[in-house]
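Numbering (the numbering used here), first residue to last: -9 to 446.
Notes follow the structure.
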């Protein structure tokens, strides 16, 4: 497939954000630690990664409805009936001299919801609803689009990272020998195609250790675009057309982009990013070595919350035992004093039950106060449960929390270069933390096994 790639620059591209963090030394211990953080296959599957090529059934499930653009799969995007659907409900009796007859009916299940008009100045011509509004017309079944033979397979099939080829590689070391990078950080931007599919429109690849920009280019889509998601992608239709006219974008779709990426990435290259499953999906790419900053941050936060809960529970148990012991001591002291206060009146033989002369006013007041206190505490407890925890797991939130650095603040949308560098810094932080913990456990550093992998 023909592609139009920019020639590899003789000098590294200038990083507009400067050096996001100090250059990372590619030492044996560091890379060993980075390799140990590569996610297992089951973790990748749990987080939505595709780990094997799609089957014919999977490819067939990619068919979309020509009316509503949802998938026509039997298991996805179908109308979900509620508890009343399909139940027979009697109508009013038919008037007449005969006994009342009841007509029974069942509610039809409508699966497809779509618009019959087109969007004109952000409003549908069929119902005058705003463009994002759901369809105004229903149909009982989806109507699949017509696809050319092999079109779905070409567009949706995933591909493994190939063995690194010195013949086609453009990455050249100081000695002149072609080589893949040890680790790279990646980020992609996507738009929405005419049929609702996500379409790759920009790709950025940087060297993990030096932050050198290896690839940063717009990707001209092979299919008509519904919109470019400019608010999030930072790419407009005008920018894409200008890049195409000037020959400053990659053409040929995801296949051409994969070839460009694989010039720097081999099967042993560690790929770093934030929610990398989205980037790999846009490239239709399966890679064995992935370190995802989102997965790391999620696991770290879960561990911290678990530890905080355990410490809180331990403190509560200690306080409860302490209070119980104090109450027991007070009860014993009070019992001795009660026995020594005056003489007790005996009711034996009188057939009378002893009367409690204690004034109930205090108890009543205390009971009411307790109930009021509990009722007063309930709203605050409910409010506390509904309150959102500080911080988030988005790339923007993590970067602000961990480095006090603001990203994705420009009104023109995200920048894939900025995002790739941010993900790289988050992973670097976790690597250094794990190395410090390991070093604390074994001061001589023997935790790390020497390997010749980094020999240049």
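Ideal placement from N, C-alpha and C gives every residue a C-beta, glycine not left out.
- What distance in whole Å lies between the Cβ atoms of residue 276 and residue 35, which are believed to be in contact at a cut-off of 8 angstroms? About 12 angstroms separates the two Cβ atoms, so there is no contact after all.
- Three-state secondary structure (DSSP) at residue 230? helix
- With a Cβ-Cβ cutoff of 8 angstroms, do residue 174 and residue 198 count as a contact? Going by C-beta atoms, residue 174 is nearer than 8 angstroms to residue 198.
- Query: Just how far apart, CA to CA, sit residue 114 and residue 108?
  - Reply: 5 angstroms
- Message: Residues in the same chain with beta-carbon distance under 6 angstroms from residue 432, minus the five sequence neighbours each way, listed in chain order, please.
- Response: none
- With 16 as the cutoff for other CB atoms within 10 Å, does residue 122 come out buried or exposed? exposed
- Assigned exposure category for residue 128 - 16 Cβ within 10 Å defines buried: Looking at its Cβ environment, which holds fewer than 16 other Cβ atoms inside 10 Å, residue 128 is exposed.
- Could you check the C-alpha separation between residue 415 and residue 269 for me, to the nearest Å? C-alpha separation (whole angstroms): 18 angstroms.
- Query: What are the uninterrupted segments assigned as beta strand (DSSP E) that are 3 or more residues long and contained completely in the stretch 268 to 325, given in chain order?
  - Reply: 280 to 282
- Item | Neighbour flag for residue 263 against chain B, beta carbons, 8 angstroms | No chain B appears in this structure, which consists of one protein chain only.
- Going straight from the alpha carbon of residue 172 to that of residue 283, what length do you get? 18 angstroms
- Query: So residue 447 is in the alpha helix (DSSP H); what residue range does that whole segment cover?
  - Reply: The first residue shown for the chain is -9 and the last is 446, placing residue 447 beyond what the model contains.
- Give a yes or no on whether the C-beta atoms belonging to residue 264 and residue 413 are separated by under 8 angstroms. At the C-beta level, residue 264 and residue 413 come within 8 angstroms of one another.
- Item | Chain-order list of residues whose beta-carbon lies under 7 angstroms from that of residue 393 (same chain, five-residue window excluded) | 415
- Can you tell me which of the three DSSP states residue 191 falls into? strand
- Tell me, which residues are paired with residue 54 by DSSP? Beta-bridge pairing links residue 54 to 61.
- Residue nearest to residue 190 in terms of C-alpha spacing, selected from 204, 215, 203: 215
- Item | Assigned exposure category for residue 219 - 16 Cβ within 10 Å defines buried | Flag for residue 219 reads buried.
- Item | Cβ neighbours of residue 426 in the same chain (closer than 8 angstroms, five flanking residues each side left out) | none
- Task: Using DSSP bridges, identify the partner residues of residue 175.
- Result: 196, 262
- Task: For the alpha helix (DSSP H) containing residue 223, list its first residue and its last residue.
- Result: 220 to 223
- Query: Hey, out of 13, 29, 49, whose CA is closest to residue 450's CA?
  - Reply: One cannot answer for residue 450 here, as it falls past the ends of the chain, which runs -9 to 446.
- Message: Can you look up residue 416 in the DSSP assignment and give me helix, strand or coil?
- Response: helix
- Return helix, strand or coil for residue 182, following the three-state DSSP convention. strand
- Item | Among 183, 252, 25, 297, the one whose alpha carbon lies nearest that of residue 170 | 252
- Message: Distance check for residue 420 and residue 272, CA to CA, integer angstroms please.
- Response: If I take the Cα positions, the gap works out to 26 angstroms.
- Message: Is it buried or exposed, residue 179, if we count other Cβ atoms within 10 angstroms and call 16 or more buried?
- Response: By the 10 Å Cβ count, residue 179 comes out buried.
- Item | residue 146 - DSSP class collapsed to helix/strand/coil | helix
- Please work out which residues of its chain come closer than 8 angstroms, Cβ to Cβ, to residue 184, disregarding the five sequence neighbours upstream and downstream, and give them in chain order. 213, 214, 215, 216
- Which residues in the same chain have their Cβ closer than 6 angstroms to the Cβ of residue 57, if we skip the five residues on either side of it in sequence? 102, 104, 133
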